[in-house]
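Numbering (the working numbering), first residue to last: 1 to 194.
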Amino acid sequence: MNAISPEAVLYLAICWVLGSLLWARVLGSALGADPTSEGSGNPGARNAGRLFGASAFFIVFAGDALKGAAAVVAGRYLGHPEWLVAAGGAIAVLGHVFPLSGKGGKGVSAFVGAALAFSPVAFIGYAVGTAAALLPLRSATLAMPGGFAAWTAALWFSGLLPASWPLLLAGSLVLIRHHSDFADAIRRRQTLFD
1 MNAISPEAVL YLAICWVLGS LLWARVLGSA LGADPTSEGS GNPGARNAGR
51 LFGASAFFIV FAGDALKGAA AVVAGRYLGH PEWLVAAGGA IAVLGHVFPL
101 SGKGGKGVSA FVGAALAFSP VAFIGYAVGT AAALLPLRSA TLAMPGGFAA
151 WTAALWFSGL LPASWPLLLA GSLVLIRHHS DFADAIRRRQ TLFD
């Protein structure tokens, strides 16, 4: 790994700023509501969907995913090495979780966009792993670690694992940010079977 150039530092800074643009806040502002003070308080797609309807979920999810993808695509366009491209995607996720101002989201949509743009083939593993876990668990939240594990395996099989370490760290952060959601989902499942 060579020293990081000023151009690379600028690229990563722009990725952070891009990640800090939270589409739930943009949509909430347009609709005269603040998703960080309503519903779950999370400025993400799921809360936007609860507050503003299904179309809001898709708008916010797509907007947040596009910023993760844009960071990766821009890194490749600029000719950065793959590890730095992965770092750009990871920094966009970090920008979503820890934005320049206000409360951040949990980073799922930004991570999905970055992971898909980084390797569409490995992302198939993420989708298959999530779907396979979703069938028995019937919880998108509880299925998320299965998708992450399958994505990691797909990166390994495709030879991209060494370059993708920044995205692996970002994905781990996304899972950590969901720890209370995992606990709630497990509690709900236990209630169903009691």
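Yeah, the Cβ is synthetic: ideal placement off N, Cα and C, and Gly gets one too.
These numbers were taken from a predicted model, which means no experiment stands behind them.
Residues near Ala45 by beta carbon distance below 6 Å, same chain, minus five either side: Phe57, Val60, Phe61, Ser109
Measure from the alpha carbon of Ala69 to the alpha carbon of each residue in Ala143, Ile186, Leu116, then state which is nearest. Leu116
Nearest-angstrom beta carbon gap, His96 and Gly201 [assumed within contact, 8 Å]: Here the chain has residues from 1 to 194 only, and residue 201 is not among them.
Suppose contacts are defined by Cβ-Cβ distances below 8 Å. Is Ala24 in contact with Pro6 by that definition? no
Who are the Cβ neighbours of Gly49 in its own chain at under 7 Å, not counting the five residues just before and after it? Ala56, Phe57
For a minimum of 3 consecutive residues, which ranges assigned as the beta strand (DSSP E) are wholly contained in the stretch 90 to 142? none
Of the listed residues Ile176, Ala143, Ala149, Tyr11, nearest to Val73 (C-alpha basis): If we check each option's Cα against that of Val73, Tyr11 comes out closest.
Inter-residue Cα distance where the pair is Leu135 and His178: 20 Å
Hey, how far is the Cα of Leu66 from the Cα of Gly75? 14 Å
Three-state secondary structure (DSSP) of Leu168: helix
How many Å lie between Ser101 and Gly171 at the Cα? 22 Å
Cα-Cα separation, Trp83 to Pro166: 7 Å
If you follow the alpha helix (DSSP H) that Gly28 is in, where does it begin and where does it stop? Unbroken alpha helix (DSSP H) run through Gly28: 23 to 31.
Go to Ile59, then tell me how far its alpha helix (DSSP H) extends in each direction, as first and last residue. 54 to 77
Short Cβ contact (8 Å threshold) for Ala90 with Leu18: no
For Gly49, does the three-state DSSP call read helix, strand or coil? helix
Three-state secondary structure assigned by DSSP to Arg187: Three-state DSSP puts Arg187 in a helix.
Is it buried or exposed for Ala250, if we count other Cβ within 10 angstroms and need 16 for buried? No answer is possible for residue 250: it lies beyond the span of the chain, which begins at 1 and ends at 194.
Our contact map puts Gly129 next to Gly147 with C-beta atoms below 8 Å; I'd like the distance itself, whole angstroms only. 4 Å
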